[in-house]
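A.B. asks: What follows is a structure written as structure tokens; I'll ask about it next.
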Amino acid sequence: MADKERSWDCKIRVPLFFIIVTFWGTISGQIRYSIPEEMQKGSFVGDTAKDLGLDLKELSDRGVRIISRGMKQYFALSLNNGHLYISERIDREQICGRIEKCVLNFEILVQDKVKLFAVEVEITDINDNSPSFPVEELELKITETTGKGEHFLLPEARDPDKGLNSLQSYQISKNKHFFLDVQTGVDGGKYAELVLEKLLDREEEKIHQLILTAADGGDPVKSGTVKIRVIVMDVNDNAPVFSQSVYKVAIMENVPVGFLVLTVNATDQDEGINSEVTYSFRKIEDKAAHIFQLASGTGEILVVGNLDFEDSEIHEMEVQAQDGSGLSSRAKILLRVIDANDNAPQITVTSLRRGIIEDSPPETVIALINVQDRDSGVNGEITCSIPDNLPFRLQKSFDNYYSLETSRAPDREQISDYNITITATDQGTPPIATTTFLLLKILDKNDNPPIFSQTTYASYILENNPKGASLIVVKANDPDWGENARVTYSVTDGQIQEAPLSSYISINSETGALYALRSFDYEQFREIRFQVQAQDGGSPPLSSNVSVTLFILDQNDNSPHILHPSFPTDGSTGVELAPRSSEPGYLVTKVVAVDADSGQNAWLSYQLLKATEPGLFSVGLHSGEIRTARYFVDKDALKQSLVVLVKDNGQPPLSATATVTVVVADSIPEILSDLSSLSAPADPQSSLTLYLVIAVASVSCLFFTFIIVLLALRLRRWRNSQLFDSSSVTFSGVPVSQFVGSDGVRAFLHSYSHEVSLTTDSRKSQLAFPNGSCSNTLTGQHPSEKSGPLLVPEVSKINIDDQVSLQVSFLNHNFLFHVERLISWCVLYVIVPVEQQFIGVSYKLMNFYLLHYAIINNFPIIYL
Numbered sequence: 030m031a032d033k034e035r036s037w038d039c040k041i042r043v044p045l046f047f048i049i050v051t052f053w054g055t056i057s058g059q060i061r062y063s064i065p066e067e068m069q070k071g072s073f074v075g076d077t078a079k080d081l082g083l084d085l086k087e088l089s090d091r092g093v094r095i096i097s098r099g100m101k102q103y104f105a106l107s108l109n110n111g112h113l114y115i116s117e118r119i120d121r122e123q124i125c126g127r128i129e130k131c132v133l134n135f136e137i138l139v140q141d142k143v144k145l146f147a148v149e150v151e152i153t154d155i156n157d158n159s160p161s162f163p164v165e166e167l168e169l170k171i172t173e174t175t176g177k178g179e180h181f182l183l184p185e186a187r188d189p190d191k192g193l194n195s196l197q198s199y200q201i202s203k204n205k206h207f208f209l210d211v212q213t214g215v216d217g218g219k220y221a222e223l224v225l226e227k228l229l230d231r232e233e234e235k236i237h238q239l240i241l242t243a244a245d246g247g248d249p250v251k252s253g254t255v256k257i258r259v260i261v262m263d264v265n266d267n268a269p270v271f272s273q274s275v276y277k278v279a280i281m282e283n284v285p286v287g288f289l290v291l292t293v294n295a296t297d298q299d300e301g302i303n304s305e306v307t308y309s310f311r312k313i314e315d316k317a318a319h320i321f322q323l324a325s326g327t328g329e330i331l332v333v334g335n336l337d338f339e340d341s342e343i344h345e346m347e348v349q350a351q352d353g354s355g356l357s358s359r360a361k362i363l364l365r366v367i368d369a370n371d372n373a374p375q376i377t378v379t380s381l382r383r384g385i386i387e388d389s390p391p392e393t394v395i396a397l398i399n400v401q402d403r404d405s406g407v408n409g410e411i412t413c414s415i416p417d418n419l420p421f422r423l424q425k426s427f428d429n430y431y432s433l434e435t436s437r438a439p440d441r442e443q444i445s446d447y448n449i450t451i452t453a454t455d456q457g458t459p460p461i462a463t464t465t466f467l468l469l470k471i472l473d474k475n476d477n478p479p480i481f482s483q484t485t486y487a488s489y490i491l492e493n494n495p496k497g498a499s500l501i502v503v504k505a506n507d508p509d510w511g512e513n514a515r516v517t518y519s520v521t522d523g524q525i526q527e528a529p530l531s532s533y534i535s536i537n538s539e540t541g542a543l544y545a546l547r548s549f550d551y552e553q554f555r556e557i558r559f560q561v562q563a564q565d566g567g568s569p570p571l572s573s574n575v576s577v578t579l580f581i582l583d584q585n586d587n588s589p590h591i592l593h594p595s596f597p598t599d600g601s602t603g604v605e606l607a608p609r610s611s612e613p614g615y616l617v618t619k620v621v622a623v624d625a626d627s628g629q630n631a632w633l634s635y636q637l638l639k640a641t642e643p644g645l646f647s648v649g650l651h652s653g654e655i656r657t658a659r660y661f662v663d664k665d666a667l668k669q670s671l672v673v674l675v676k677d678n679g680q681p682p683l684s685a686t687a688t689v690t691v692v693v694a695d696s697i698p699e700i701l702s703d704l705s706s707l708s709a710p711a712d713p714q715s716s717l718t719l720y721l722v723i724a725v726a727s728v729s730c731l732f733f734t735f736i737i738v739l740l741a742l743r744l745r746r747w748r749n750s751q752l753f754d755s756s757s758v759t760f761s762g763v764p765v766s767q768f769v770g771s772d773g774v775r776a777f778l779h780s781y782s783h784e785v786s787l788t789t790d791s792r793k794s795q796l797a798f799p800n801g802s803c804s805n806t807l808t809g810q811h812p813s814e815k816s817g818p819l820l821v822p823e824v825s826k827i828n829i830d831d832q833v834s835l836q837v838s839f840l841n842h843n844f845l846f847h848v849e850r851l852i853s854w855c856v857l858y859v860i861v862p863v864e865q866q867f868i869g870v871s872y873k874l875m876n877f878y879l880l881h882y883a884i885i886n887n888f889p890i891i892y893l
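Just add 29 to wherever you are in the sequence shown, counting from 1, and you've got the working numbering.
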């Protein structure tokens, strides 16, 4: 069926013009067509209307139809164009079978003319069928004695196609025993016979696998196959063959009954009953017949009687092997009996000690042993021995007596008792040995100290533990026995923070269990190191020590401690400054906190809990930095109060709060007017601010001393310049900075100070901040404002006539220049780092303190 479908696919691809349509005429009203089989439905057969001479317009009116005369309707006539089409699949082999010429006949009736036309369609064959065999596998049984040239008929393949498309040839797969003879029958059909070319041998190859192929002559060629399985049948053409013609064997005289002497073996290459071999004695002496037995099925020869060398030294026998059809063979057996050493030595213990102390010296006698053998000659010579790995040895005293004594001091902790094996062996072939066992007990001596199971011990316990909590169990083992192995435990003397160790830890002397006598505090000490002593009960006692480390684990029992901001203790406001012109992200201050715990219990996080203006400030989650979150607006209050929550990561978490007061202003008068309203919190958290103020005051004194010296130097220079003016000496176009510490004090003041002018009237003091800047640098007021001169004025001209005075002036200026550089260096590299080290955590707090202090004391503003 698959081949037909493939043929159908091929026909679909054939163009329509390859369809051979033959019109033979309309003689006597008959039309003939010829088409190949397996055409598709709807394929064109012929222009029937034209062939019949019918007008297309009159087809439907005249009632033209097809009369199939009882057969299946394979064709249809189109009334639109008068063409004849295929309406059903046409299979030539199904319709016509083996008929050579396949023709389909039907009539076309024209009703209005009452005229009948005969139509004949010849169906031509295509190669749509493959040759096939009636069976898929054939089994042939041929005996191995079948002669050459014997024929064996094979199944015939069938192909329903015709001509070249039908069966044309047979082929057999390549082999060395058979060839194929193809014959043609009376009916023209071809059949094949298998001919034996070479004799078969079942012992060489039992089964032959062949493949017979039948092929047709179509294009493409199609074929079918059948498997042929040739089974070679056996005949009894082989006699049993022994593996040896003569079997030689030697056995000892003292072998037991049932001993297997040997197994004779004969094989037959035949199969089935022809290969079944049975064994029997063909020739045997009567005496040997009572001693040996032959198993007929297996060929085993067994000892069933008493075999004695003195009675008979050699036994000669003959065995026969016979198959099921009577073919047989024989073999000879020569059996030699060997004299055996059949008497074992005897061991007698005449004296024995049941136990010795483990430190007994060498040559301590334990037992006296006597050995005897009833054999004579070499078979009666005896050697006595014990295992080599024992701390004992055998010494031959006289005749057949041996003494068992120690070779080294035994160790009870290694082996507490010995089961000593004493072996006496004669010199026979093979030698016979006799063994006896002596049980010796090793008595204990206290020669081992207790040994701890670990070299060091470590234990972990959470702080705040309850009293009596179990810490760890130390274990020591003593390999001795009895009282010598009884171990007691104790803790060596020691101190923990000037307190005796016994007030912290106790130990159970019997079990080695350690207990806590008080609650431990991780923040007080984090580990305890001590030693435990284990002592046995021997006399004298032995002991050993082991180091024990007790690690105290942290619990979240400490709240965060806020270092900055701390509450002022000197009456200052303790506030932070933030200019109104600050941009978002401006660092206002930083909350600094610590936690006495460790690990994640000390991991701190910061969050803004409460603020006067929500959304104006933000706090870094892990940094604690307070920054502006947006620009300041006019409606924002001058004083901003922030509550920052500091929380650790413990379970459960502990927290603390810090209150930060931030003053938002662009001018100091605005701040001073509101200073009275700023008050420090009532309850300071720590005394850190006091220390910071003391540090600030100390550093400020040094700094003010520097300012006074600097002003004195400036006044002196100004006086000298006045002298130059009186002498008509002027400087033109030379900046004062070149003469007055340009890389020293001025650089320092530019980085760390702000120049302001301070005037006082009856109502208030005024301080001017720079405009348009959000930095921390304050600049001097405009020259038009009233202020005392801080720097010497510029000298306008130089009188050439006073060169000598000018040189003296330059020398003075150089001296002052170096003094100013030295002071500036001290400030920059000594005072400022010290100041930053002491007051770094409260930087802005000190700025405000200095500002306030400067205003009260009428000093120039120095902003650090």
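Using N, Cα and C, we set each Cβ at its ideal position, and we do this for glycine too. Source: prediction; values computed, not measured.
Among residues of its own chain, excluding the 5 on either side of residue 413, which ones have a beta-carbon nearer than 6 Å to its beta-carbon?
C.D. replies: 400, 423, 431 and 453
A.B. asks: Output yes or no for whether 7 Å exceeds the beta carbon distance between residue 403 and residue 372.
C.D. replies: In contact: residue 403 and residue 372 (Cβ atoms closer than 7 Å).
A.B. asks: Go ahead and pull the three-state DSSP assignment for residue 284.
C.D. replies: coil
A.B. asks: Can you list, in chain order, the residues of its chain whose CB lies under 6 Å from that of residue 678, leaving out five sequence neighbours each side?
C.D. replies: The answer, listed in chain order, is 629 and 632.
A.B. asks: How many Å lie between residue 549 and residue 468 at the Cα?
C.D. replies: 57 Å
A.B. asks: When we look at the beta-carbon of residue 652 and count the other beta-carbons within 10 Å, is it buried (16 or more) or exposed?
C.D. replies: exposed
A.B. asks: Which runs of the beta strand (DSSP E) spanning at least 3 residues fall entirely within the segment 157 to 198, listed in chain order?
C.D. replies: 166 to 172 and 180 to 182
A.B. asks: Please confirm if the segment 534 to 547 is in contact with the segment 609 to 623, defined as three or more CB-CB distances below 8 Å between the two stretches.
C.D. replies: no
A.B. asks: Could you have a look at residue 511 and say whether DSSP puts it in helix, strand or coil?
C.D. replies: helix
A.B. asks: Ignore the nearest five residues each way along the sequence and tell me which others in residue 228's own chain have a CB closer than 7 Å to its CB.
C.D. replies: 177
A.B. asks: Does the separation of the CB atoms of residue 169 and residue 261 fall below 7 Å?
C.D. replies: For residue 169 and residue 261, no; Cβs fall outside 7 Å.
A.B. asks: Which same chain residues end up closer than 6 Å to residue 134 when comparing Cβ atoms and leaving out the 5 residues on each side of it in sequence?
C.D. replies: 149
A.B. asks: Taking one C-beta from the segment 307 to 327 and one from the segment 279 to 287 each time, how about it: are there three or more such pairs within less than 8 Å?
C.D. replies: no
A.B. asks: Please name the residue or residues paired with residue 565 in a DSSP beta bridge.
C.D. replies: 516
A.B. asks: When you compare each of 506, 221 and 195 to residue 248 by their alpha carbons, which one comes out closest?
C.D. replies: 195
A.B. asks: Around the Cβ of residue 471, are there at least 16 other Cβ atoms within 10 angstroms (buried) or fewer (exposed)?
C.D. replies: buried
A.B. asks: Tell me whether residue 315 sits in a helix, a strand or coil according to DSSP, three-state version.
C.D. replies: Correct three-state label for residue 315: helix.
A.B. asks: Where are the beta strand (DSSP E) runs, 3 residues long or more, that stay fully inside the segment 210 to 257, in chain order?
C.D. replies: Along the segment 210 to 257, the beta strand (DSSP E) occurs as fully enclosed runs of 3 or more residues at 219 to 225 and 236 to 245, listed in sequence order.
A.B. asks: Between 464, 461, 463 and 505, which lies nearest to residue 479 when the distance is taken from Cα to Cα?
C.D. replies: 505
A.B. asks: First and last residue of the beta strand (DSSP E) that includes residue 471?
C.D. replies: 462 to 472
A.B. asks: Quick one: what does DSSP say residue 450 is sitting in, helix, strand or coil?
C.D. replies: strand
A.B. asks: Going by DSSP, what residues sit across from residue 358 in a beta bridge?
C.D. replies: 350
A.B. asks: Mind checking if residue 146 is an interface residue toward chain B, Cβ cutoff 7 Å exclusive?
C.D. replies: Within the model displayed, chain B is absent; a lone protein chain is all it includes.
A.B. asks: With DSSP as the reference, identify every bridge partner of residue 413, one or two as the case may be.
C.D. replies: 453
A.B. asks: When you compare only the Cα positions, how much space is there between residue 6 and residue 443?
C.D. replies: It is not possible to answer for residue 6, since the shown part of the chain is limited to 30 through 893.
A.B. asks: My output table needs one value for residue 546: the three-state DSSP class, helix, strand or coil.
C.D. replies: Here residue 546 carries a coil assignment [DSSP, helix/strand/coil].
A.B. asks: Applying the 10 Å Cβ sphere with the 16-neighbour rule, what's the burial state of residue 392?
C.D. replies: exposed
A.B. asks: What residue range is occupied by the uninterrupted alpha helix (DSSP H) comprising residue 79?
C.D. replies: Residues 77 to 81.
A.B. asks: When burial is assigned at 16 or more other CB atoms within 10 Å of the CB, is residue 552 buried or exposed?
C.D. replies: exposed
A.B. asks: What number of angstroms, rounded off, separates the C-alpha of residue 340 from the C-alpha of residue 456?
C.D. replies: 24 Å
A.B. asks: Kindly indicate which three-state DSSP category residue 734 falls into: helix, strand or coil?
C.D. replies: Helix at residue 734.
A.B. asks: Measure the CB-CB distance between residue 276 and residue 291 and report whether it falls below 7 Å.
C.D. replies: yes
A.B. asks: For residue 382, tell me which candidate among 226, 670, 446 and 286 has the shortest Cα-Cα distance.
C.D. replies: 446
A.B. asks: Alpha carbon to alpha carbon, how far is residue 202 from residue 241?
C.D. replies: 7 Å
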